[in-house]
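K.L.:
Just so it is clear: in the sequence shown, position 69 is 201 by our numbering, and no numbers are missing.
Cβ atoms here follow ideal geometry from the backbone N, Cα and C, with glycine treated the same way.
Since this is a predicted model, take the numbers as computed values, not measurements.
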Amino acid sequence: MSVDTLQNTTHRFSDVAGEPCIMLAPIEGFNIKPLVTLEEATEPLYNIVPRVGTYVYIVKERAKNPVDDLSVDESASIALYTMEWEPYTESLYYILNQTLRNEDRKSLKQWFLYLKLIFTALS
133 MSVDTLQNTT HRFSDVAGEP CIMLAPIEGF NIKPLVTLEE ATEPLYNIVP
183 RVGTYVYIVK ERAKNPVDDL SVDESASIAL YTMEWEPYTE SLYYILNQTL
233 RNEDRKSLKQ WFLYLKLIFT ALS
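1) I'd like the list of long-range same chain contacts for residue 184, defined as Cβ closer than 7 Å, with 5 residues on each side in sequence excluded.
2) How about the region 204-222 and the region 240-252: do they share at least three Cβ pairs that are nearer than 8 Å?
3) Here's the rule: buried if 16 or more other CB atoms are within 10 angstroms of the residue's CB, otherwise exposed. What is residue 206?
4) Decide yes or no for the touch test of the region 186-206 against the region 159-174: beta carbon pairs closer than 8 Å, at least 3 of them.
5) I need the DSSP call for residue 164, collapsed to helix, strand or coil.
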């Protein structure tokens with residue numbers, strides 16, 4: 133394993149240094165959004181997450197036979213969150229986590245459709 137890969141992996145599991153150490157307002161509003169396809173859920177993220185459309189295509193292809201009674205879109209939404217691309221700072225998980233740590237909860241609105249989809253998959 134290369135040093136860069138090891139550093140990226142280490143960062144992924146130990147990014148608590150980025151925690152704001154303050155109580156943030158709850159995330160409100162995503163739960164009333166409709167459940168949509170992964171393509172629709174990520175459309176508002178095209179200007180935020182580089183190459184997200186490419187990775188949506190990849191995870192949907194890999195999730196054609198989901199397990200645990202998940203839909204293809206639900207399974208793919210989890211896979212998309214866990215994917216890491218180069219540089220890791222352009223990965224969906226990294227950008228979403230940074231946004232979740234932001235005091236300005238309005239910045240999460242463009243993530244609401246994706247949050248609805250992934251939380252449905254995880255519930």
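P.N.:
Let me spell this out:
1) Translated into the one-based positions of the sequence shown, residue 184 becomes position 52. So the list reads 174, 177, 178, 224, once near-sequence residues are dropped.
2) yes
3) Here residue 206 refers to the residue found at position 74 when the sequence shown is read from its first residue. Classification of residue 206: buried, given that the 10 Å Cβ count is 16 or more.
4) yes
5) Here the question's residue 164 lines up with position 32 in the sequence shown. DSSP places residue 164 in helix when its eight states are reduced to three.
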